[in-house]
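Per this note's numbering, the sequence shown starts with residue 959, numbered consecutively.
By construction, the Cβ of each residue, glycine as well, lies at the ideal position given by its N, Cα and C atoms.
Working notes, beginning with the structure itself.
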Amino acid sequence: MLSVVVGGFFGDEGKGKVVAYLALNDEVNAAVRVGSVNAGHTVIWGGKEFKLRIVPSAFVNGGCKLYIGAGSLVRLDVFFREVTTLGVAGRVFVDRNAGIIEDKHVETEAGDEYLRNSIGSTLQGVGAAMVDRVMRRLKLAKDFPELSTYLVDLVDELWRILNSGGNVLIEGTQGTYLSLYHGTYPYVTSRDTTASGILSEVGLGPKHVDEVILVFKSYVTRVGSGPLPGELPLEEVINRGWLERASVTGRMRRAAPFDYDLAKRAVILNSATQAALTCLDKVFPSSARVREWGKLPPEAKRWVEDLEDVIGIPVTLIGTGDDVTHMIDRRKDLGVTK
Ligand code: IMP
Ligand code: MG
959 MLSVVVGGFF GDEGKGKVVA YLALNDEVNA AVRVGSVNAG HTVIWGGKEF KLRIVPSAFV
1019 NGGCKLYIGA GSLVRLDVFF REVTTLGVAG RVFVDRNAGI IEDKHVETEA GDEYLRNSIG
1079 STLQGVGAAM VDRVMRRLKL AKDFPELSTY LVDLVDELWR ILNSGGNVLI EGTQGTYLSL
1139 YHGTYPYVTS RDTTASGILS EVGLGPKHVD EVILVFKSYV TRVGSGPLPG ELPLEEVINR
1199 GWLERASVTG RMRRAAPFDY DLAKRAVILN SATQAALTCL DKVFPSSARV REWGKLPPEA
1259 KRWVEDLEDV IGIPVTLIGT GDDVTHMIDR RKDLGVTK
């Protein structure tokens, strides 16, 4: 079985938490991270906070093999640091064709006023490396001897796992509206962040996919420039307890109430089969740390059910707190496959 987790808004919807939950509760044999080091995923588990920039959030499951796809762009220092910190050496692998970001890419972006001031880029060198890749001069993982023990043909590996009945989880990065093609161009990132783009980065076609899990936060946040419909003034963001800081750059995130139009379009763009909703406790504080649907306050239940009517897919997972375990899992009740 193959599942893809994808962000429904502008990134930071809580994909890291959702992936970690799935890895701990389902039988996940392999997890693949796409995208690059500009995207940070946060996992809070067992009282510890992990900030991941390249290793899949599924690392929390010690039996899960971890992969980085061909379409990804890796910074070697970030990769080796995370492998050591998380202790995942021996079960983390990189596709031979993954791209490598070098210092010169970071330097190019650091000196780019347009990226810095107009776009609000994270300046991690990702876009500059992508330029080199398109111009066919970027070095790939297989060109770096220090990566030799990590290299795999990912398509081959995944195909073998899927054919022997294994479960594969693909972890998207950023969000639908940061897509180079389908987002709020030019205020976007340097890749297609939708489910199709994610699959292309991994090397599996759309017909192999069983579930596309679209992650929405219960409100919308955005870092960097670009339109944010219904954006609230900073004071109101603070009042509502919605102020967050970006995990890679530390910048303050802008915030707005849940956007139904963006959500409906994201379902179409990603051919989503189910939705995961995070931070419900930030909109309905009385739902904090609830783990059963039946124990949610009636107004929170009604809000989720109304959302399902609007977007036309079931909300199967609901985050109610910071920890991975603060999650309501409705999949069994709703008859959705695990
Ligand atoms: P870049 O991809 O680093 O050049 O950034 C381009 C735009 O995408 C900026 O507005 C960034 O803030 C935004 N962005 C890139 N990665 C992420 C992410 O992981 N979460 C949220 N926003 C991101
Ligand atoms: Mg993030």
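Close-in-space but distant-in-sequence residues of the same chain around residue 1135 (CB under 7 Å, 5 per side omitted):
Within the sequence shown, residue 1135 is the residue found at index 177, counting from 1. The residues are 967, 968, 1141, 1142 and 1220.
Looking only at DSSP bridge pairs, what is residue 1169 linked to?
Along the sequence shown, one-based indexing puts residue 1169 at 211. DSSP lists 961 as partners of residue 1169.
In three-state terms, what does DSSP make of residue 994?
In the sequence shown, residue 994 corresponds to position 36, counting from 1. Residue state, collapsed to three classes: strand.
Only counting the same chain, and skipping five residues up and downstream in sequence, which positions put a Cβ closer than 7 Å to that of residue 1232?
Taking the sequence shown and counting its residues from 1, the one referred to as residue 1232 is at position 274. Around residue 1232: 1169, 1171, 1271, 1272, 1274 and 1294.
Beta-carbon gap between residue 1000 and residue 1009 smaller than 7 Å
Within the sequence shown, residue 1000 is the residue found at index 42, counting from 1. Within the sequence shown, residue 1009 is the residue found at index 51, counting from 1. The answer is yes: Cβ separation under 7 Å.
For residue 1228, count neighbouring C-beta atoms within 10 Å of its own C-beta (all shown protein chains included) and say buried if the count is 16 or more, exposed if not.
Position 270 of the sequence shown holds residue 1228. Result: buried.
Selected residue, minimal CA-CA separation from residue 1209, among 1127, 1243 and 1074:
Looking up residue 1209 in the sequence shown gives position 251. Ranking the options by Cα distance to residue 1209, first place goes to 1074.
Could you tell me if residue 1015 is buried or exposed, where buried requires 16 or more neighbouring beta carbons within 10 angstroms of its beta carbon?
Within the sequence shown, residue 1015 is the residue found at index 57, counting from 1. By the 10 Å Cβ count, residue 1015 comes out buried.
Would you check if the distance between the CB atom of residue 1245 and the CB atom of residue 1278 is smaller than 7 Å?
Walking along the sequence shown from the start, residue 1245 turns up at place 287. Walking along the sequence shown from the start, residue 1278 turns up at place 320. In this structure, residue 1278 lies closer than 7 Å to residue 1245 by Cβ.
In the DSSP assignment, the alpha helix (DSSP H) including residue 1179 goes from what residue to what residue?
Locating residue 1179 in the sequence shown gives position 221, where the first residue counts as 1. Taken as a continuous stretch (DSSP letters only), residue 1179 belongs to no alpha helix (DSSP H), being part of the beta strand (DSSP E) at 1177 to 1180.
Residues that residue 971 bridges to, as DSSP identifies them:
Here residue 971 refers to the residue found at position 13 when the sequence shown is read from its first residue. Partner(s): none; residue 971 has no beta bridge.
Does the region 1186 to 1195 come close enough to the region 1255 to 1271 to have 3 or more Cβ pairs within less than 8 Å?
no
Can you list, in chain order, the residues of its chain with a C-beta nearer than 7 Å to that of residue 1077? Leave out the 5 residues immediately preceding and following it.
Walking along the sequence shown from the start, residue 1077 turns up at place 119. Correct list, in chain order: 1144, 1145, 1182 and 1183.
Buried or exposed for residue 964, going by 16 or more other Cβ atoms inside 10 Å?
Taking the first residue of the sequence shown as position 1, residue 964 is located at position 6. That one is buried.
Kindly indicate which three-state DSSP category residue 1003 falls into: helix, strand or coil?
For the purposes of this step, residue 1003 is taken as the residue at position 45 of the sequence shown. Strand at residue 1003.
Indicate whether residue 1119 and residue 988 have their beta-carbon atoms separated by less than 7 Å.
Locating residue 1119 in the sequence shown gives position 161, counting from the first residue. Locating residue 988 in the sequence shown gives position 30, counting from the first residue. Result yes, Cβ atoms of residue 1119 and residue 988 sit closer than 7 Å.
Which residue comes first and which comes last in the beta strand (DSSP E) that contains residue 1277?
By one-based count along the sequence shown, residue 1277 stands at place 319. It spans 1273 to 1277 - the beta strand (DSSP E) in which residue 1277 sits, taken as one unbroken run.
Locate the alpha helix (DSSP H) running through residue 1036, then write down its first and last residues.
Here residue 1036 corresponds to residue number 78 of the sequence shown, with the count starting at 1. From DSSP, the alpha helix (DSSP H) with residue 1036 extends over 1034 to 1044.
For ligand 4, I want to know if residue 1245 counts as a neighbour, meaning its beta carbon is within less than 6 Å of at least one of the ligand's heavy atoms.
Of the ligands this structure carries, namely ligand 1 and ligand 2, none is ligand 4.
Own chain, CB closer than 6 Å to residue 1051, minus 5 neighbours either side, in chain order:
Counting from one through the sequence shown, the residue named residue 1051 turns up at place 93. Cβ within range, chain order: 1025, 1108 and 1110.
Apply the 10 Å Cβ neighbour rule to residue 1071 and answer buried if 16 or more other Cβ atoms are within range, or exposed otherwise.
On the sequence shown, residue 1071 is found 113 positions in, with the first residue counted as 1. Label assigned to residue 1071: exposed.
Taking all protein chains shown into account, decide if residue 1197 is buried (16 or more other Cβ within 10 angstroms of its Cβ) or exposed.
Position 239 of the sequence shown, counted from the start, is the residue given in the question as residue 1197. That one is exposed.
Integer-rounded CB distance, given that residue 1085 should sit under 8 Å from residue 1067
On the sequence shown, position 109 is the one that residue 1067 refers to. On the sequence shown, position 127 is the one that residue 1085 refers to. At roughly 6 Å, the Cβ-Cβ gap stays under 8 Å, so residue 1067 and residue 1085 are in contact.
For residue 1023, the first and last residue of its enclosing beta strand (DSSP E):
Working through the sequence shown from its first residue, we reach residue 1023 at position 65. Segment 1023 to 1026, the beta strand (DSSP E) holding residue 1023.
How would you write the range of the alpha helix (DSSP H) that residue 1068 sits in, first residue to last?
For this step, residue 1068 is matched to residue 110 along the sequence shown. Per DSSP, residue 1068 belongs to the alpha helix (DSSP H) from 1061 to 1068.
Tell me the DSSP bridge mates of residue 1286?
Residue 1286 sits at position 328 when you count from the first residue of the sequence shown. Beta-bridge pairing links residue 1286 to 1276.
Could you check which residue in 1099, 1239 and 1114 has the C-alpha nearest to that of residue 1177?
Position 219 of the sequence shown, counting from 1, holds the residue named residue 1177. That would be 1239, whose Cα lies nearest to the Cα of residue 1177.
Would you give the residue range spanned by the alpha helix (DSSP H) that residue 1119 belongs to?
By 1-based counting over the sequence shown, the position of residue 1119 is 161. Residue 1119 -> alpha helix (DSSP H) spans 1112 to 1121.
Mind reading off the beta-carbon distance from residue 1128 to residue 992? Whole number of angstroms is fine, and I expect it under 8 Å.
Numbered from its first residue, the sequence shown carries residue 1128 at position 170. Numbered from its first residue, the sequence shown carries residue 992 at position 34. Correct: roughly 7 Å between the Cβ atoms.
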